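Data first, discussion second: the structure below is written as structure tokens.
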Amino acid sequence: MLHIEIEPVWRFRKEGSPQAAIVMLGILNEIRQTGKLTSAASHANLSYRHAWNLIEQWSAFFGAPLVERQRGRGTTLTPFGEKLVWAGQRLEARLGPQLQNLAQELASEIKPFLHQQPSVIRVHASHGFAVSKLREMLDRLPALGVDLRYVSNQNSLVSLAQNACDLSGVHLPRGPLREQNIRSCLEWLDPREDRVISLVTREMGLMVKRGNPLNIHSLEDLVARNARFVNRDHDSGTRQVFNQLLELHGINPSALHETQLEFTHAAVAAFVASNMADASFGVEAAARQFGLDFIPLLTEDYFFVCHRAFLDTLPMQHLLDLMKGEEFRDAIANLPGYSASNPGQISAVKDFFESMAAEPGGIVVPVPRPPKKTVAKRETKKETKKKVARR
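Now the structure itself:
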């Protein structure tokens, strides 16, 4: 299976000069994390001398040092070097899922011209760390390809209803917000033909700077401390859940000091870590990735939905075996705030959602058994809703 990777290149130019400096931010980031130029050079598969020469060339280009070496303290980044690294972190977090979508589109376009065409599972899913781990493992299976597109909760269900994907990835909050979110999902599900496949649970909450300097412990504190808040884009499922939390606590969204909108959990975490915001809302794994403190607010279930007939296909059997395997469970165990929730367990729509009523704070939501909706009817319903492009 052909895999395509699209990565941004940091190319700096000075006005009136044809030459450009291409800065390898990975080298600088490794220095920031380890304090050792030897480690950074090895990580980039470069000799120590070559890595140091590159750093000197970059510093000469900018006219400002990127690193400094002190006796007994190893190699550290200067404030300018730190600023470059954090800019790169934000860019990678912001563009990563979008670049993966573009790479997958290109792979799908050229696949018919290749001689080897393995079975492909089309997955439309809300972006998450567990889905990324699952994709990494699927990419290693030679007989199985994955066409993964990151879309919002609702768009993934619409894609499944219109047979534009084989698997739809969805996340739902537990507790008092569950009922309204279940009802939204059920609008696009056929209890007779669709099946739910359990995957993981994940912790959601506030991400704040290390040490929590503003002493933020609740949603109310965001307003009371006038905290600079980086929010998710308006169409994301996480933004929808956050707005529901604000409403539950009687907080008007306009009372927040919103400074920026971003498209992924990692992107908002990177903004807080680089001191461009005081707080955000997202998964614990993103907070820990960037060394932030985390205040848990709710737990979400993340699961897949597919048509019943797809369960009997060979690609789906491979995927289920992978989800139930020890390697996937170990990978999830290493994600902060994530827990493997009977991954690969198949349930009828009615059984799955009714089982949620048995959880603490669970609410019984009647699951209708309507006739199979036509695509035309679903499309009409879709047109009455705001189009959702991202999670």
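Going from the sequence shown to the working numbering is simple: count from 1 and add 348.
Yeah, the Cβ is synthetic: ideal placement off N, Cα and C, and Gly gets one too.
Just so we're clear, the structure is a prediction, and the values are computed from it rather than from any experiment.
Residue environment, residue 686, which counts as buried when at least 16 other CB atoms sit within 10 Å: buried
With DSSP as the reference, please indicate the residues paired to residue 467 in a beta bridge. 492
I want to know whether the stretch 607-618 touches the stretch 530-542 - three or more CB-CB distances under 8 Å. no
With distances taken between CB atoms, is the gap from residue 646 to residue 523 smaller than 8 Å? yes
Give me the residue from 574, 593, 626 and 478 with the minimum Cα distance to residue 675. 478
Using 8 Å as the Cβ pair cut-off and three pairs as the minimum, do the stretch 398-407 and the stretch 370-377 touch? yes
Do residue 642 and residue 586 have their CB atoms nearer than 8 Å? no
Out of 548, 505 and 683, state which residue places its alpha-carbon closest to the alpha-carbon of residue 635. 683
Express the C-alpha separation of residue 511 and residue 435 in angstroms, rounding to a whole number. 39 Å
Decide if the stretch 416-428 is in contact with the stretch 444-456; the criterion is three or more beta carbon pairs, one per stretch, under 8 Å apart. no
Own chain residues within Cβ distance below 6 Å of residue 499, not counting five before or after: 472
Cα-Cα, which of 580, 581 and 561 is closest to residue 574? 561
What does residue 686 pair with, by DSSP beta-bridge criteria? 550
Is the number of C-beta pairs between the stretch 655-664 and the stretch 546-553 that are closer than 8 Å three or more? no
Proximity below 8 Å, CB of residue 445 to CB of residue 648: no
From residue 387 to residue 483, what distance separates their C-alpha atoms? 28 Å
For residue 514, which three-state DSSP category applies? coil
So what's residue 625 in DSSP terms, helix, strand or just coil? coil
Which whole-angstrom value describes the C-beta separation of residue 651 and residue 530, a residue pair presumed to lie in contact below a C-beta threshold of 8 Å? Wrong, their Cβ atoms sit about 12 Å apart, outside the cutoff.
Which listed residue (577, 596, 627 and 380) has its alpha carbon closest to that of residue 421: 380
Nearest CA to the CA of residue 432: which residue from 448, 503 and 359? 359
Neighbour-count burial assignment, residue 559, 16 or more Cβ in a 10 Å radius: exposed
Does the separation of the CB atoms of residue 756 and residue 487 fall below 8 Å? What the structure shows of the chain is the stretch from 349 to 739, and residue 756 is not part of that stretch, so it cannot be assessed.
Contact check, residue 548 vs residue 689, beta carbons under 8 Å: yes
Looking at C-alpha atoms only, which residue of 367, 515 and 408 is the closest neighbour of residue 667? 515
Inside the stretch 600-680 only - beta strand (DSSP E) runs reaching at least 3 residues: 605-610, 627-631 and 641-655
Classify residue 576 as buried or exposed, calling it buried when 16 or more other Cβ atoms lie within 10 Å of its own Cβ. buried
Could you check the C-alpha separation between residue 405 and residue 361 for me, to the nearest Å? 14 Å
Would you mind stating whether residue 492 and residue 474 have Cβ atoms separated by less than 8 Å? no
Could you work out which residue in 563, 570 and 606 is closest to residue 579 when comparing CA atoms only? 606
Using the Cβ count rule (16 or more neighbours within 10 Å means buried), how would you classify residue 604? buried
Please give the ranges of any alpha helix (DSSP H) in the stretch 540-601, keeping only runs that are unbroken, at least 4 residues long and fully inside the region. 567-572 and 585-596
Identify the continuous alpha helix (DSSP H) that holds residue 379 and give its terminal residues. 373-382
Excluding sequence positions up to five away, which residues of its chain have a Cβ less than 6 Å from the Cβ of residue 592? 525
Which residues does DSSP pair with residue 424 in a beta bridge? 416
Do you know whose CA, among 385, 440, 389 and 600, lies nearest residue 417's CA? 385
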